[in-house]
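This report refers to the structure that appears directly beneath it.
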Amino acid sequence: MKTRFYLIRHGETEWNARGIYQGLTDIPLSEEGEKQALCLGKRFENTSMKLDAVYSSPLQRAIKTAESIANAKGLFVVPEQHFKEINFGEWEGHNVKQLTEKYGKSYTDFYERPFSHAFPGEGSFTLVKERSVEGFYQLLEKHKGQSVAIVSHGGVLRVLIMALMDMDETFYKKMWLSNTSITTIDVSENGKMVLLTLNDFAHLETMNTLKGEKEWQM
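Residue numbering for the sequence shown is -1 to 216, as defined by my numbering.
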């Protein structure tokens, strides 16, 4: 009996659109993000996608996105600290250009090799990996044989997916997760994991507003 996980990135915010690091700064969804969340909710409402529980990062951009799914399935959202955004400390509120100018090599080294260099706030992608993987396995134990949605953030989800799929750290910058995209992972009884979909945002095609992605939308 398999357990299914839908790993979902939150909808767009104004800071996403401007390429600004958000981290734990509690930025709300933009008008565009609210539309994306609505489309996501309709996808769960209008399809046979089974869902037994919805968990979310405690930040409002994730909670609001998660509510669109929960409402579609008659469920409630459970905030979960394991899936909160990465704490970028003093880098939050700045874009790549500003950080490069202000912090120089300490930032550019991180930008090029994020797993190898420390950063303000949480300090280490290893810590992000540990907490997100711990949260995932706690939910796996709690919801065996069920279908679970986890709404989180682009960086956190990429780190989590890489850990679960045993991917090399170089995949971090090769992988992209669009706002409200769905990544589906099935876990068998013996713990084998199958990546069914990655960055699936078919529900947004009806919006006709998909824009070019910016790197490091956190």
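For every residue, glycine included, the Cβ atom is placed at its ideal position computed from N, Cα and C.
So who's on the other strand from residue i, going by DSSP bridges?
{"i": "Arg16", "result": "According to DSSP, which records beta bridges pairwise, Arg16 is partnered with nothing at all."}
{"i": "Leu5", "result": "Ile148 and Thr181"}
{"i": "Ser54", "result": "Pro77 and Val149"}
{"i": "Asn93", "result": "Ile18"}
{"i": "Asp24", "result": "DSSP lists no partner for Asp24."}
For residue i, tell me which candidate among the options has the shortest Cα-Cα distance.
{"i": "Asn197", "options": "Thr1, Met205 and Ser179", "result": "Ser179"}
{"i": "Leu73", "options": "Thr98, Lys95, Glu187 and Glu43", "result": "Glu43"}
{"i": "Gly153", "options": "Phe86, Lys100 and Lys0", "result": "Phe86"}
{"i": "Gln79", "options": "Glu65, Gln136 and Tyr105", "result": "Gln136"}
{"i": "Glu88", "options": "Thr204, Tyr101, Gly39 and Arg16", "result": "Tyr101"}
{"i": "Gln20", "options": "Arg41, Gly119 and Pro77", "result": "Gly119"}
{"i": "Leu5", "options": "Thr181, Glu167, His92 and Phe81", "result": "Thr181"}
{"i": "Val75", "options": "Thr204, Ala147 and Met165", "result": "Ala147"}
{"i": "Phe81", "options": "Val192, Val157, Met173 and Trp13", "result": "Val157"}
{"i": "Ile18", "options": "Asp166, His92 and Leu155", "result": "His92"}
{"i": "Trp13", "options": "Phe3, Gly31 and Met(-1)", "result": "Gly31"}
{"i": "Lys172", "options": "Arg111, Val94 and Lys103", "result": "Arg111"}
{"i": "Asn177", "options": "Asp24, Glu128 and His151", "result": "His151"}
Should residue i and residue j be called a contact, given that it needs their Cβ atoms to be closer than 9 Å?
{"i": "Leu22", "j": "Glu90", "result": "yes"}
{"i": "Lys48", "j": "Ser186", "result": "no"}
{"i": "Val126", "j": "Thr63", "result": "no"}
{"i": "Ser66", "j": "Leu36", "result": "yes"}
{"i": "Ala200", "j": "His141", "result": "no"}
{"i": "Ser130", "j": "Ala161", "result": "yes"}
{"i": "Pro26", "j": "Thr11", "result": "yes"}
{"i": "Tyr53", "j": "Pro77", "result": "yes"}
Measure the beta-carbon distance from residue i to residue j and round it to whole angstroms, keeping in mind my assumption that it falls under 8 Å.
{"i": "Tyr170", "j": "Phe113", "result": "7 Å"}
{"i": "Ala70", "j": "His8", "result": "Not confirmed; about 16 Å, so no contact."}
{"i": "Asp184", "j": "Leu194", "result": "6 Å"}
{"i": "Gln34", "j": "Leu202", "result": "6 Å"}
Exposed or buried, what is residue i when buried is set at 16 or more other beta-carbons lying within 10 Å of its beta-carbon?
{"i": "Gly143", "result": "exposed"}
{"i": "Met163", "result": "exposed"}
{"i": "Lys190", "result": "exposed"}
{"i": "Trp188", "result": "A small fix is needed here, since residue 188 is Asn in this sequence, not Trp. It is exposed - the Cβ of Asn188 has fewer than 16 other Cβ atoms within 10 Å."}
{"i": "Thr1", "result": "buried"}
{"i": "Arg227", "result": "Summary: the structure shown does not reach residue 227, with the chain confined to residues -1 through 216, and so no result is reported for it."}
{"i": "Lys212", "result": "Any answer about Lys212 is weak, because its pLDDT of 44 lies below 50 and its placement is not dependable; what the coordinates show is given next. With fewer than 16 Cβ atoms within 10 Å of its Cβ, Lys212 is classed as exposed."}
{"i": "Ala116", "result": "exposed"}
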